[in-house]
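Student: Please read through the structure below; I'll follow up with questions.
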Ligand code: HAM
């Protein structure tokens, strides 16, 4: 093909091909069943929001808003953005729809694409799929415990094994502003040794220097004061309670004093879940989240505490494929193939196929093929256990020939009994 004519996905974007859909479906199912169990209700917010939702919510000085947000002016002149994450949009919806009048906490979940103009690298996409859980309207530490438990449960349900939960508390506005001063003093005298991003962060948010991935910054941070030693009494007590919940739930957590998370709205608890191999985390955090008691007020709502988390479905799917996690049994290939020969049989096959669908029995077919041999070839390639052969004689006499592909044994079944009998066979 002419090179100039070959269109490709944009950098950092990808197709989820038919053969990958089983993994996506499995993640969706786990998220749905666990959120359902914990009584979280589904919400869907628009992909496109006013850019202000994120510049105010995620934070104007964050990398996400400063460097990664897809924002543009509409023809009407409004500044809008493709959501880089779910939390600010859900908080906006909570306020806009008066959800503070409902019993609190309001527990919500969602799933879908987000967009971040990131530097392309392993596990980083520009269109990324996230699942997201939010509990809005409760300041109790048990909610933090529940959000961490649910995030962990989802990954466990997807057969992840060596999971590590990293937790920290970054305090509230009060103790954090005090700690920021202490931290600024520490880094100021070492400013020239920091990377250029951290030199900027020193002015804007010195906490972010703590989670810089540059080696030279990590060397300097190892002597830095730790926020955990500077929490106010209330934040300290809250964090202690969160850890007690995690102990009670027997979750495998470690304290990471450098975990601050790259979004501005966090208060108190922050956490990330990574899968560790012998060589370390393969592609960064699978889930990240924490408490954000100040966000709703920043967005114009009442003073409302909240806590939540989001999981990176692309990373999760990549690892599932790598580990060869089996798709659900029900999602596997059908066990039955319906082959037909001749016009009358073809017509009747379409009806029979529809009856199988109504009875929720997966059946494969190849109606576009006329030759029985090529249909049997297709059935062989699919590895089905049974082939239903609907030939001219069968169509006229209203029966069907069933061939067991493993034994080669054939039997005849009356047409009006086929669905029922095959249902019993598939079940057994
Ligand atoms: P986040 O840490 O920015 O948090 O993203 C959550 C997860 O999304 C990450 O742990 C990662 O698995 C995945 N992720 C993020 N960026 C990318 C990317 N470029 N490519 C692939 N996967 C990615 C949030 O988004 C918060 N809204 C979480 C939250 C909810 N906090 C409270 N409530």
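In the working numbering, the protein residues as written are 117 to 544. We put the CB at the ideal spot given by N, CA and C, even for glycine. As the structure is a prediction and not an experimental result, all values here were calculated from the model.
Using 8 angstroms as the threshold, is the region 235-253 in touch with the region 334-351, meaning 3 or more CB pairs across them?
Tutor: Not touching, per the Cβ criterion.
Student: Tell me the start and end of each unbroken alpha helix (DSSP H) in the region 321-375 that is at least 4 residues and wholly inside, in chain order.
Tutor: Listed in chain order, the complete alpha helix (DSSP H) runs (minimum 4 residues) inside the region 321-375 are 331-337, 349-364.
Student: Any chance you could list the beta strand (DSSP E) runs of at least 3 consecutive residues sitting entirely within the region 183-260, in chain order?
Tutor: Segments of the beta strand (DSSP E) lying fully in the region 183-260: 187-189, 195-198, 222-231, 243-252.
Student: Given this structure, state the Cα-to-Cα distance separating residue 172 from residue 414, to the nearest angstrom.
Tutor: Using only the alpha carbons, I get a separation of about 7 angstroms.
Student: State buried or exposed for residue 384, treating a residue as buried only when at least 16 other CB atoms are found within 10 Å of its CB.
Tutor: It is buried - the Cβ of residue 384 has at least 16 other Cβ atoms within 10 Å.
Student: Under the criterion of a Cβ to heavy atom distance below 7 angstroms, does residue 425 qualify as lining the ligand HAM?
Tutor: Yes, since a heavy atom of the ligand HAM falls inside the 7 angstroms radius drawn around the Cβ of residue 425.
Student: For the region 509-526 and the region 479-489, state whether three or more C-beta atom pairs, one from each stretch, are separated by less than 8 angstroms.
Tutor: No, because fewer than three Cβ pairs between the region 509-526 and the region 479-489 fall closer than 8 angstroms, the two stretches do not touch.
Student: Considering only the alpha carbon of each residue, which of 431, 374, 416 lies closest to residue 276?
Tutor: Closest option to residue 276, Cα to Cα, is 431.
Student: Would you tell me roughly how many angstroms separate the C-alpha atoms of residue 259 and residue 251, rounded to the nearest one?
Tutor: If you take the alpha carbons of residue 259 and residue 251, they lie about 7 angstroms apart.
Student: Does the beta carbon of residue 454 sit closer than 8 angstroms to a beta carbon anywhere in chain B?
Tutor: Protein chain content of the structure displayed is limited to a single chain, and chain B is not contained in it.
Student: Just to confirm the assignment, what range does the alpha helix (DSSP H) spanning residue 170 have?
Tutor: First-last of the alpha helix (DSSP H) with residue 170: 167-170.
Student: Which stretch, first to last residue, makes up the alpha helix (DSSP H) that contains residue 152?
Tutor: Element bounds for residue 152: 137-153.
Student: Straight-line CA distance for residue 270 to residue 150?
Tutor: Cα-Cα distance, rounded: 7 angstroms.
Student: With distances taken between CB atoms, is the gap from residue 387 to residue 406 smaller than 8 angstroms?
Tutor: Result yes, Cβ atoms of residue 387 and residue 406 sit closer than 8 angstroms.
Student: Would residue 392 and residue 284 be called neighbours here (beta carbons separated by less than 8 angstroms)?
Tutor: No, the pair does not count as a contact, with Cβ atoms beyond the cut-off.
Student: For residue 471, which three-state DSSP category applies?
Tutor: Correct three-state label for residue 471: helix.
Student: Check the DSSP bridge columns for residue 295 and list the partner residues they point to.
Tutor: Answer is none; residue 295 lacks a bridge partner.
Student: Assign residue 97 to buried or exposed, taking buried as 16 or more other Cβ atoms, counted over all protein chains shown, within 10 Å of its Cβ.
Tutor: The chain is shown from 117 up to 544; residue 97 falls before or after that span and cannot be answered.
Student: May I ask you to check if the CB of residue 288 is nearer than 7 angstroms to at least one heavy atom of the ligand HAM?
Tutor: Every heavy atom of the ligand HAM is 7 angstroms or more from the Cβ of residue 288, so no.
Student: Taking the alpha carbon of residue 465 as the reference point, which residue from 485, 362, 133 has its own alpha carbon closest?
Tutor: Cα-wise, what sits closest to residue 465 is 485.
Student: For the ligand HAM, I want to know if residue 202 counts as a neighbour, meaning its beta carbon is within less than 7 angstroms of at least one of the ligand's heavy atoms.
Tutor: Yes, Cβ of residue 202 sits closer than 7 angstroms to a heavy atom of the ligand HAM.
Student: If you check the beta carbons only, do residue 328 and residue 351 fall under 8 angstroms apart?
Tutor: No, the Cβ-Cβ distance between residue 328 and residue 351 is not below 8 angstroms.
Student: State yes or no: is the C-beta of residue 184 within less than 8 angstroms of the C-beta of residue 232?
Tutor: Against a cut-off of 8 angstroms, the Cβ pair of residue 232 and residue 184 comes out as a contact.
Student: Identify every residue that forms a DSSP beta bridge with residue 405.
Tutor: Residue 405 is bridged to 387, 425.
Student: Using DSSP with H/G/I as helix, E/B as strand and the rest coil, what is residue 526?
Tutor: Three-state result, residue 526: strand.
Student: Would the beta-carbon of residue 342 fall within 8 angstroms of that of residue 322?
Tutor: Result no, Cβ atoms of residue 342 and residue 322 do not sit closer than 8 angstroms.
Student: Kindly provide the ranges of any beta strand (DSSP E) runs that are 3 or more residues long and lie completely inside the region 257-291, ordered along the chain.
Tutor: The qualifying runs are 279-285.
Student: Going straight from the alpha carbon of residue 354 to that of residue 241, what length do you get?
Tutor: One C-alpha to the other measures close to 35 angstroms.
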